[in-house]
Amino acid sequence: KAGVTQTPRYLIKTRGQQVTLSCSPISGHRSVSWYQQTPGQGLQFLFEYFSETQRNKGNFPGRFSGRQFSNSRSEMNVSTLELGDSALYLCASSRQDARQYFGPGTRLTVT
Amino acid sequence: AQKITQTQPGMFVQEKEAVTLDCTYDTSDPSYGLFWYKQPSSGEMIFLIYQGSYDQQNATEGRYSLNFQKARKSANLVISASQLGDSAMYFCAMREGNFGNEKLTFGTGTRLTIIP
Chain A
65 KAGVTQTPRY LIKTRGQQVT LSCSPISGHR SVSWYQQTPG QGLQFLFEYF SETQRNKGNF
125 PGRFSGRQFS NSRSEMNVST LELGDSALYL CASSRQDARQ YFGPGTRLTV T
Chain P
15 AQKITQTQPG MFVQEKEAVT LDCTYDTSDP SYGLFWYKQP SSGEMIFLIY QGSYDQQNAT
75 EGRYSLNFQK ARKSANLVIS ASQLGDSAMY FCAMREGNFG NEKLTFGTGT RLTIIP
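Below you can see the structure in the form of structure tokens.
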């Protein structure tokens, strides 16, 4: 069974631009969660989607948004990028049997 | 208060020895789950083991076992017979509430280095 996939793996953007990251969950998994990992703040929860609905949201500004499609694939968008948005963005999928599986991450660098 | 506390920023262990990584948690919810993940330098978070708050027995997955002490609110990861490939960051995480809340709260991690 294929794991969680994330595209792109690496991304370099300029301040003020916007970016869209994609996550394809494990087949059969309907929940997708997004996390931001930085050296200073560690791993922080962004939001979680289930059946195309945002079910839970972390403490991030409105520049961070997401959506989920009917095939459970999810996208995350960050508008008006800031230097502090440079991070590893991880998504995780679950079938609600407790175990959550992560993708390889997208490493975003904002210059 | 920190919900997940990992007090060992770094550990050095001789190859083939067993290693215990500490994790304490704080929650008032009677239903919760505890996770351990391994993160190599590549960045991917690899699921290792899961323990539910109502599970009667300690979880085991191959060389990994979870020493779950509910009254002490600790969930230590034990790796038996360590290997060089075990060198990585290890994160303890908690999900509170029942299924439907998939948000994980992570600790700050422990960097494990296996010495040949």
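Line by line, the protein sequences give chains A and P.
Offset between the first sequence (1-based) and the numbering used here: plus 64.
Offset between the second sequence (1-based) and the numbering used here: plus 14.
Cβ coordinates follow ideal geometry from the N, Cα and C atoms, glycine included.
Predicted model, so just to flag it, every value in this text is computed and none were measured.
Within the region 89–130 of chain A, the complete beta strand (DSSP E) runs of at least 3 residues fall at 95–102, 106–114 and 117–121. Threonine 102 of chain A sits away from leucine 147 of chain A, with the two beta carbons spaced by 9 Å or more. Contacts with chain A at 9 Å (Cβ-Cβ) include phenylalanine 61 of chain P. CA-CA distance, glycine 123 of chain P to leucine 107 of chain A, rounds to 10 Å. When beta bridges are read from the DSSP output, asparagine 81 of chain P appears opposite P:Asn90. Remark: C-beta atoms of methionine 25 of chain P and arginine 125 of chain P approach each other more closely than 9 Å. Each of P:Gln28, P:Ala89 and P:Ser67 was checked against the Cα of threonine 19 of chain P, and the nearest Cα belongs to P:Ala89. In this structure, the alpha-carbon of glutamine 164 of chain A lies about 21 Å from that of asparagine 123 of chain A. The beta carbon of glycine 67 of chain A is closer than 8 Å to those of Ile90, Tyr165 and Gly167 in its chain, skipping five residues each way along the sequence. Residue burial annotation: lysine 52 of chain P is buried, with at least 16 other C-beta atoms found within 10 angstroms of its C-beta. Alanine 156 of chain A belongs to the set of residues whose beta carbon lies under 9 Å from a beta carbon in chain P. Residues of the region 132–159 of chain A with a C-beta less than 8 Å from any C-beta of chain P: Leu152, Leu154, Ala156 and Ser158, listed in chain order.
At the C-beta level, leucine 110 of chain A and serine 97 of chain A come within 9 Å of one another. Within the same chain, Cβ atoms closer than 8 Å to the Cβ of threonine 69 of chain A are found at Cys87, Ser88, Gly167 and Pro168, the five residues on either side in sequence being excluded. Interface criterion not met: the Cβ of glutamate 116 of chain A is under 9 Å from no Cβ in chain P. Under a criterion of Cβ atoms nearer than 7 Å, the residues of chain A adjacent to threonine 122 of chain P are, in order, Gly106.
The alpha-carbon separation between serine 158 of chain A and arginine 94 of chain A amounts to approximately 7 Å.
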